[in-house]
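Chemist: One line per chain: the protein sequences are A and B, in this order.
Using UniProt numbering, the first residue of the first sequence is number 1, and each one after it goes up by one.
Using UniProt numbering, the first residue of the second sequence is number 1, and each one after it goes up by one.
2 protein chains.
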Amino acid sequence: MEYIQQNFNVNFSYGVFFSSNLFDPANTCLATFLESKAEDAYVKKLLVILDGGVAAHHPQLTQQISRYFEQVRGFQLAPEIITIPGGEGVKNDLPLLFSLVDAIDKYGIDRHSYVIGVGGGSLLDLVGFAAAISHRGVKHIRIPTTVLSQNDSGVGVKNGVNYKGKKNFLGSFAPPAAVFNDPVFLTTLDSRDWRSGMVEAVKVALIKDAAFFNRIEADSVALTAGDMAAMHYLIYRCAELHVQHIGGAGDPFESGSSRPLDFGHWSAHKLEQLTNFELRHGEAVSIGIAVDSVYSYLLGWLSESDMQRILTVLKNMQLPVWHPLLEKQNGQPSPVVAGLEEFREHLGGRLTISLLREVGKGEEVHEMDLDLLYKAVEICKNNQ
Amino acid sequence: MEYIQQNFNVNFSYGVFFSSNLFDPANTCLATFLESKAEDAYVKKLLVILDGGVAAHHPQLTQQISRYFEQVRGFQLAPEIITIPGGEGVKNDLPLLFSLVDAIDKYGIDRHSYVIGVGGGSLLDLVGFAAAISHRGVKHIRIPTTVLSQNDSGVGVKNGVNYKGKKNFLGSFAPPAAVFNDPVFLTTLDSRDWRSGMVEAVKVALIKDAAFFNRIEADSVALTAGDMAAMHYLIYRCAELHVQHIGGAGDPFESGSSRPLDFGHWSAHKLEQLTNFELRHGEAVSIGIAVDSVYSYLLGWLSESDMQRILTVLKNMQLPVWHPLLEKQNGQPSPVVAGLEEFREHLGGRLTISLLREVGKGEEVHEMDLDLLYKAVEICKNNQ
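Okay, structure coming up:
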């Protein structure tokens, strides 16, 4: 038998920038980044896909964006800024995905040009996927506008859309060219989005950084009340921990079954789907963290007081810690619990669930004791 | 301005195996590969997508495949082997793409399981793309069954489908888990596929390996007549040069504009599209190589005798070296020549065309002199 071995590495590198009023003509952060990529030989193109909700809250934004890019040397903005809705619904809309692909074609966005998504995590997931599959991958820049996307998905390497009711069934790993986090967008979030977005910080603190959890705990009431300085720290540290994990844990494209950043997510994904996305992602993850923290306590890993601290932080953020779909329904298994196999399938390989050995230290298990799980659900119910 | 830097490498590694009668129970090549990936904790799944033309020429194949995988420890074959047509047509069929995605879902193919494509390059492009976008990428194994796919696309890292008449507009870079080249499949190819597939070897020899070109030249009549030993060497060396270029030239996912393996391809892609794929890919590339070789001669790069050698090799393979669509049409530019901009856009960045400095040495230019190009077309026409 003859044999040829292929072996190569691909480097992925991008910056996550924090800067206020990105499209203010005096703010050179984005312009400087782009101009560092300019080429004398040809003009690169830019296509902006903007969240309609953001545009409504910032009525000057479209015009600001157009004017801003006029000044950037070596780049040309497409004649249209495409406005689409925000929220999870856009991830259920394949014709919308293809309309973005069509726009990439129509406006001549090639592999050296950039698609720029401005919006929440769902919009960025959709835009990232459209960019990833067009011309075998055109570059994309993310400008996340929510707490959730600035501290988590927006700084990561994934994209995706839902397919036939399965969350993120279609998608890819396609790191962005750059991410720009602008806190000004957070000022117009509604309270639900502001609060629920913090839960990914609670998650990553619990599995990786006890000191960060202590700080979130101390700040939890102020954060919930809208303290911007506290929120800025929360987002920065959360983004940093996500970036470090993705780049530093040896499996950025998740070829293994280990997925510590999915702590609290196995039940969350199913709850979102079963509630038809009436639960926000962050709310569903709050419930998932609560259940898996109590389960960790019942396993004898987490102390009762630490378990209570976690529930208190989530409740201080006015986030849910329980949902009726977690219970058995007329003697039948909870439909959320029944989704464990679907979660395993999406991750692939062996069932792998992150739990808490202690605050700041995640640990994985490969099976869940269902009696213990229903007991954890009961404790969450009684601790709402 | 605060800033977080992300930076990581992803390793991609796969073998290209050459082995006859892959699905003979006595052939352990594929089984050994799979069993090296088995896990005690769970059974991995396999889904085979088979080219209907191959199935028709090898009526026992479906049954052979089923039986073969029954013996492989740690793996379970999906209850259905999916048979789809071969040929470029499948790349124009988005519903077919989604039917494969549906099968990946239905049969529980997760990120640790494998989709196995058995067929020509078009089928493998389609299957690879379906695998790449499902669950953010499930593993795929390629078993190319044509000369063209065994020596070129099947051993590479790309996939793709056509979209709104644009070749490979949708696709991604997703290296296979492994490639298995079985020469037995070549024995049932029709003459046109047998001959036209050789042109990618002519291409890569011309830009990289003069000794290989000399050997192809010496063998060209025998190859065309069906000499299997000569064909085996041609495929092996061509695959090796492609693998080495992809892994060794520093840009496996084509982030730059340099694309030497696309020698002869700018006009070929357009010719395929304009003839509604009545021209085979290899035939179109034969024409493309002829035109760009003559153009290289007219630039003063290639000697007249080397230019003639190239045309003679292509003609010995009974491949076309000219097409009427290359000429001006009623005083209007040739629609192929008008496709230069489309080619630039697909590659992105600056127009970059590979030409021949000499036999065995490609060199890139960033513009084409259209008068010279039409002169090259004329010489090709007169040398058919």
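Positions of the beta carbon are idealized from the N, C-alpha and C atoms, including for glycine.
Helix, strand or coil for residue 107/A? Go by DSSP, reduced to three states.
Modeler: Residue 107/A: coil per DSSP, three-state reduction.
Chemist: Do residue 124/B and residue 99/B have their beta-carbon atoms positioned less than 8 Å apart in this structure?
Modeler: No, the Cβ-Cβ distance between residue 99/B and residue 124/B is not below 8 Å.
Chemist: Quick one: which unbroken alpha helix (DSSP H) runs of 4-plus residues sit fully inside the region 10–60 of chain A? Chain order, please.
Modeler: Segments of the alpha helix (DSSP H) lying fully in the region 10–60 of chain A: 29–35, 52–57.
Chemist: With 8 Å set as the bound, which would you pick, yes or no: does the beta-carbon of residue 247/B sit closer than that to a beta-carbon of chain A?
Modeler: So, interface residue.
Chemist: Which ranges would you report for the alpha helix (DSSP H) in the UniProt domain "3-dehydroquinate synthase C-terminal" (197–324) of chain A if only whole runs of at least 4 residues count?
Modeler: Segments of the alpha helix (DSSP H) lying fully in the UniProt domain "3-dehydroquinate synthase C-terminal" (197–324) of chain A: 199–208, 210–225, 228–248, 265–274, 281–298, 304–316.
Chemist: Mapping DSSP to helix, strand and coil, what is residue 384/B?
Modeler: It is coil, neither helix nor strand.
Chemist: For residue 366/B, is the classification buried or exposed, using 16 other Cβ atoms within 10 angstroms of its Cβ as the cut-off for buried?
Modeler: Classification for residue 366/B: exposed.
Chemist: Apart from the five residues on each side of it in sequence, which residues of its chain come closer than 7 Å, Cβ to Cβ, to residue 284/A?
Modeler: Taken in chain order, the residues that qualify are 268, 271, 272.
Chemist: Quick one: residues in its chain with C-beta nearer than 7 Å to the C-beta of residue 158/A, no 5 flanking neighbours on either side, listed in chain order?
Modeler: Taken in chain order, the residues that qualify are 171, 173.
Chemist: Hey, would you say residue 18/B sits closer than 8 Å to residue 233/B, going by beta carbons?
Modeler: Cβ distance not < 8 Å, so residue 18/B and residue 233/B don't count as in contact.
Chemist: To the nearest angstrom, how far is the alpha carbon of residue 110/A from that of residue 34/A?
Modeler: Answer to the nearest angstrom: the Cα atoms are 15 Å apart.
Chemist: Would residue 131/A count as contacting chain B if we go by Cβ distances under 8 Å?
Modeler: Output row for residue 131/A: interface = no.
Chemist: What does residue 166/A reach in chain B if we use C-beta pairs closer than 8 Å?
Modeler: What residue 166/A touches in chain B: 105.
Chemist: For the region 36–53 of chain A, list every residue whose C-beta sits within 9 Å of some C-beta in chain B, in sequence order.
Modeler: Result list: 39, 41, 42, 44.
Chemist: In whole angstroms, what is the alpha-carbon distance linking residue 165/B and residue 277/B?
Modeler: If I take the Cα positions, the gap works out to 11 Å.
Chemist: Alpha carbons only, please: which of 116/A, 85/A, 104/A is nearest the one belonging to residue 57/A?
Modeler: Closest option to residue 57/A, Cα to Cα, is 85/A.
Chemist: Kindly indicate which three-state DSSP category residue 330/A falls into: helix, strand or coil?
Modeler: Correct three-state label for residue 330/A: coil.
Chemist: Which of the three DSSP states, helix, strand or coil, is assigned to residue 84/B?
Modeler: If DSSP states are grouped into helix, strand and coil, residue 84/B belongs with the strands.
Chemist: Whose Cβ in chain A lies nearer than 9 Å to the Cβ of residue 310/B?
Modeler: Under the 9 Å cutoff, chain A gives no residues; its nearest Cβ is about 26 Å from residue 310/B.
Chemist: Leaving out five residues before and five after residue 83/A in sequence, what residues of the same chain have Cβ atoms less than 6 Å from its Cβ?
Modeler: Counting only Cβ-Cβ distances below 6 Å, and skipping sequence neighbours, we find 50, 52, 55.
Chemist: Mind checking whether residue 113/B and residue 46/B have CB atoms under 8 Å apart?
Modeler: A contact, by the Cβ cut-off of 8 Å.
Chemist: With a threshold of 16 other CB atoms inside 10 Å of the CB of residue 334/A, please say whether the residue is buried or exposed.
Modeler: Per the 10 Å Cβ criterion, buried.
Chemist: I need the straight-line Cα distance from residue 30/A to residue 76/A, nearest angstrom please.
Modeler: Their backbone Cα atoms lie some 14 Å apart in a straight line.
Chemist: My guess is that residue 177/A and residue 141/A are in contact by the Cβ rule of under 8 Å, so how many angstroms apart are they, rounded?
Modeler: Confirmed, about 5 Å.
Chemist: Have a look at 179/A, 324/A, 155/A and flag the residue whose alpha-carbon is nearest the alpha-carbon of residue 279/A.
Modeler: For the residues 179/A, 324/A, 155/A, the minimum Cα distance to residue 279/A belongs to 324/A.
Chemist: Less than 8 Å between CB atoms is the rule here; does residue 2/B satisfy it with respect to chain A?
Modeler: Answer yes: the Cβ-Cβ gap between residue 2/B and chain A drops below 8 Å somewhere.
Chemist: Shorter than 8 Å from the beta carbon of residue 100/A to some beta carbon of chain B?
Modeler: With 8 Å as the cut-off, residue 100/A does not count as an interface residue toward chain B.
Chemist: CB-CB under 7 Å to residue 295/B, same chain, minus the five flanking residues each way: which ones, in chain order?
Modeler: Taken in chain order, the residues that qualify are 355, 372, 373, 376.
Chemist: Which residues in chain B have a C-beta closer than 9 Å to the C-beta of residue 14/A? List them in chain order.
Modeler: Chain B residues near residue 14/A: 5, 6, 7.
Chemist: If you check the beta carbons only, do residue 48/B and residue 118/B fall under 8 Å apart?
Modeler: Yes, these two residues count as a Cβ contact at 8 Å.
Chemist: May I have the straight-line CA-CA distance separating residue 266/A from residue 139/A, to the nearest angstrom?
Modeler: Cα to Cα, the separation comes out at about 31 Å.
Chemist: Measuring only between beta-carbons, confirm whether residue 173/B sits less than 8 Å from chain A.
Modeler: Residue 173/B counts as touching chain A.
Chemist: Closest to residue 395/A by CA distance: which of 207/A, 198/A, 243/A, 203/A is it?
Modeler: Look at the range of chain A in this structure, 1 to 384, and you will see that residue 395/A is not part of it.
Chemist: Given a limit of 8 Å on CB to CB distance, which residues of the region 338–365 of chain B reach chain A?
Modeler: If the cut-off is 8 Å between Cβ atoms, the region 338–365 of chain B has 344, 345, 346, 347, 348, 349, 350 near chain A.
Chemist: Work out the CA separation of residue 205/B and residue 212/B for me, nearest whole Å.
Modeler: Looking at the two C-alpha atoms, the distance is approximately 5 Å.
Chemist: Could you tell me which chain B residues have their CB closer than 7 Å to the CB of residue 158/A, listed as they occur along the chain?
Modeler: Correct list: 136.
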